[in-house]
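>
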Amino acid sequence: MSVKKVASDTSILALSRMMISLSNLILLPLLTKKLGAAEYGIWVQAWATIMLVICLLDMGLPYSMSRFFPSKGKKEISKDFYSILFLIITVAVIFSAFLFIFPEKIAGLIFEDNILVVKMLSLIIIVWSCDSAFFEILRALRKMRRYSILIFLQNVTEIGLAAILVISGKGVVGAMAAILITRSALLAYFIVSTYKLVGFSFPRFGNLKAYLKFGLPIVPMHVSSWIVASSDRYMIGIFLGSRFVGYYDPAYLLGQSVPFLLASVIGFALTPTLSKMFDEGDIREVVKTLSFMLKSLLVITIPFIFGSVLLSKPVLILLSTEEIATNSYRLVPLVALGLMFYGIKIILSQTFILEKKTKMLGATYTFSALVNITLNLVLIPYIGIMGAAISTAVSYFVDVIVVYRWTRKGIIPTFDINAIVKMIACSSLMGVWMVFYKSTISYFPAVISLFSGVILYLVLIYTIRIFTEEEIKMIKSIVRMKTI
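The opening position of the sequence shown corresponds to residue 632 in our numbering, with each subsequent residue numbered one higher.
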């Protein structure tokens, strides 16, 4: 039943994130065509900067909530949550005030001297930090349906406002204004809804030490994760210019779309539920759950990599411009491969979280980040944006190897080698089928070959029984929404 709970939570989140990914892909051609590669590169740099700052300012406390709140009572959760929120707000306001008052240096270094972009960043950071804390309490309490609906509405509203403002000529500043307006409205909702959920309590700082002890070692993990996922944009901008950032990012977004979607929702759903299982001593169920989620990740990401080899260029032309697609389509399979390794690492690393070994988890991310930085410095100046994609794939692969070796004596999922071989075989047959249809159909060849290939793959994996009977029954019950 616990496996079904995790799978159910994951299916809800996956549906929401899938719709968000589709919305982002709708926004992508608007931004690339209206802003151009150079200004789109500034937008990418702004987004990457927000991610880095939030990683630093939250001090790992959101992870602490997800790990400890599931076993606490309502009153205790209320007191601890408002203590955490107060600390996060204080740190965010201090940092943002400094950024708002002294924007010139960072504007000159990263944003082509656009001071207004930096000032808007400072306001977004405050609101975003608060929203992240409120989102995390929904995750900790396993309110996955509410979480999914809210994050979807937030994303769609941001995209809608950004589209209106960009089309009206407001440029990258308009796109950022859409984020600020949407996140502020969401914060107002959170203040009311969280009061109804856990009430209000004056901060009680006595437990903050325990939360910080668990959370702070995760900060290097988040920063290192950001380095692997986003620092390449900075290095490309420094070595090659913002135009090449504009080439690189659409390919990266396409390559990560499915693997990162799965990795994020699986990791998001696993931590609260596995924490409860682990605290109750149900180790067998923990391993069973991890094994099922690993197989689910691979059965989708492996054919996605095969498909990206064949269809990345026509899809990128559709989503961006022919200039961008021509310069970056070869990156997509490499990015997809790297993000598949990232998803495996997310599942394996649950051991560290359950056993509260966050220092070891942070060390694995730090090592991966060092590998990534070194490879980027060596490869980008010589082979351009392809070097950044290679660095991403190699870094995540090394990360998986390190995590696996460190967790071999702990709680790890079962790697079903027989099932993986079948997935690769089915993906290969799907690829042959897609090449055949792409060469014989003159109208919408990419679309037809894609959908026919997906259907063939699904038929093949069902026919050769990659999943067990128990797993198939569980998947069917989730599709029918029986466990939701």
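Glycine is no exception: its CB is placed at the ideal position from the N, C-alpha and C atoms.
Which residue's Cα is closest to the Cα of Ile1032: Ile780, Ile1021, Phe972, Ala1050?
Nearest C-alpha to Ile1032: Phe972.
> Given 8 Å as the limit, is there contact between the segment 859-872 and the segment 712-723, that is, 3 or more CB pairs closer than that?
They do not touch, by the three-pair rule.
> Given Lys705, which residues of its chain have a CB within under 8 Å of its CB, disregarding the five upstream and five downstream residues?
Excluding residues within five positions, the ones whose Cβ falls inside 8 Å are Val829, Gly830.
> What's the call for Leu752, buried or exposed, on a 16-neighbour Cβ count within 10 Å?
Buried, because 16 or more other Cβ atoms sit within 10 Å of the Cβ of Leu752.
> Taking the alpha carbon of Thr982 as the reference point, which residue from Phe699, Thr1038, Leu796, Phe765 has its own alpha carbon closest?
Comparing Cα positions, the closest option is Thr1038.
> Can you have a look at Arg1036 and say buried or exposed, based on whether 16 or more other CB atoms are within 10 angstroms of its CB?
Arg1036 should be labelled exposed.
> Spatial neighbours of Ile914 within its chain, please: CB distance less than 7 Å, with the 5 preceding and 5 following residues excluded, ordered by chain position.
Once the five neighbours on either side are set aside, the close Cβ partners of Ile914 are Ile1042.
> Val917 and Met924 look like a contact to me (Cβ under 8 Å); what is the Cβ gap, rounded to whole Å?
With a Cβ gap of about 11 Å, Val917 and Met924 do not count as contacting.
> Using the C-alpha atoms, what's the distance from Glu911 back to Met1017?
Cα-Cα distance, rounded: 47 Å.
> Please specify which runs of the alpha helix (DSSP H), each continuous and at least 4 residues long, are wholly inside the segment 867-912, giving them in chain order.
Listed in chain order, they are 873-910.
> In or out: Tyr996 buried (at least 16 other Cβ within 10 Å) or exposed?
When all chains shown are included, Tyr996 counts as buried.
> Expressed to the nearest angstrom, what Euclidean distance is found between the alpha-carbon atoms of Lys919 and Leu688?
If I take the Cα positions, the gap works out to 35 Å.
> In the structure shown, what three-state DSSP assignment does Asn1049 receive?
Asn1049 falls in the helix class under three-state DSSP.
> In whole angstroms, what separates the C-alpha of Tyr1074 from that of Leu1081?
Its pLDDT being 45, under 50, Tyr1074 is placed unreliably by the model, and the measurement read from it follows with that caveat. About 13 Å.
> Leaving out five residues on either side along the sequence, give the residues of the same chain with a beta carbon under 6 Å from the beta carbon of Lys944.
Correct list, in chain order: Ala956, Tyr960.
> Going by DSSP in three states, Arg1096 sits in which element: helix, strand or coil?
In this structure, Arg1096 counts as coil in the three-state DSSP scheme.
> Within the continuous alpha helix (DSSP H) that includes Thr1038, where are the two ends?
Run containing Thr1038: 1016-1038, per the alpha helix (DSSP H) assignment.
> Rounded to the nearest angstrom, what separates Lys774 and Leu1008 at their Cα positions?
So the two alpha carbons sit approximately 43 Å from each other.
> Taking the alpha helix (DSSP H) that Asn590 falls in, what are its first and last residues?
There is no way to answer for residue 590, as the model of the chain reaches only from 632 to 1115.
> Name the residue from Pro881, Lys926, Leu747 whose alpha carbon lies nearest to the alpha carbon of Glu953.
Considering only alpha carbons, the answer is Pro881.
> For Gly704, which three-state DSSP category applies?
Three-state DSSP puts Gly704 in coil, outside helix and strand.
> Pull up the distance between the alpha-carbon of Phe1098 and that of Ser927, whole angstroms please.
Their backbone Cα atoms lie some 9 Å apart in a straight line.
> Output the boundary residues of the alpha helix (DSSP H) element that contains Asp762.
Run containing Asp762: 746-771, per the alpha helix (DSSP H) assignment.
> CA-CA distance, Thr825 and Ser709?
Each residue's alpha carbon lies about 9 Å from the other.
> Tell me whether Ile768 is buried or exposed, calling it buried when 16 or more other Cβ atoms sit within 10 Å of its Cβ.
With 16 or more other Cβ atoms within 10 Å, it is buried.
> What number of angstroms, rounded off, separates the C-alpha of Val622 from the C-alpha of Leu662?
Because the chain is modelled from 632 through 1115, residue 622 falls outside the range shown and cannot be assessed.
> Does DSSP put Phe833 in a helix, a strand or coil?
In the structure shown, Phe833 sits in coil (DSSP, three-state: anything other than H, G, I, E or B).
> Cβ of Ala816 within 8 Å of Cβ of Leu792?
For Ala816 and Leu792, no; Cβs fall outside 8 Å.
> Who are the Cβ neighbours of Arg1111 in its own chain at under 6 Å, not counting the five residues just before and after it?
Unreliable positioning characterises Arg1111 in this predicted model, as indicated by a pLDDT of 47, which lies under 50. A coordinate reading is not provided.
> My assumption, with CB atoms under 8 Å, is that Val823 sits in contact with Leu885. Please give the rounded CB distance.
Not confirmed; about 38 Å, so no contact.
> Compute the distance between the beta-carbons of Leu968 and Ala1056, then report whether it is under 8 Å.
No, they are not a contact pair.
> Distance, Cα to Cα, Pro693 vs Thr1094?
When rounded, the distance between both Cα atoms is 42 Å.
> So Leu942 and Val1066 are supposed to be a Cβ contact under 8 Å. How far apart are they, rounded?
Not quite, the Cβ-Cβ distance comes to about 10 Å (not below 8 Å), so this is no contact.
> Sorted by chain position, which residues of the same chain lie with C-beta nearer than 7 Å to Phe630's C-beta, five sequence neighbours on each side aside?
A question about residue 630 goes unanswered here, because the residues of the chain that appear run from 632 up to 1115.
> Taking the straight line between their C-alpha atoms, what separation do you get for Tyr879 and Ser895?
Between Tyr879 and Ser895, the C-alpha separation is close to 22 Å.
> Looking at the secondary structure, which residues open and close the alpha helix (DSSP H) in which Asn786 lies?
That run of the alpha helix (DSSP H) goes 775-798.
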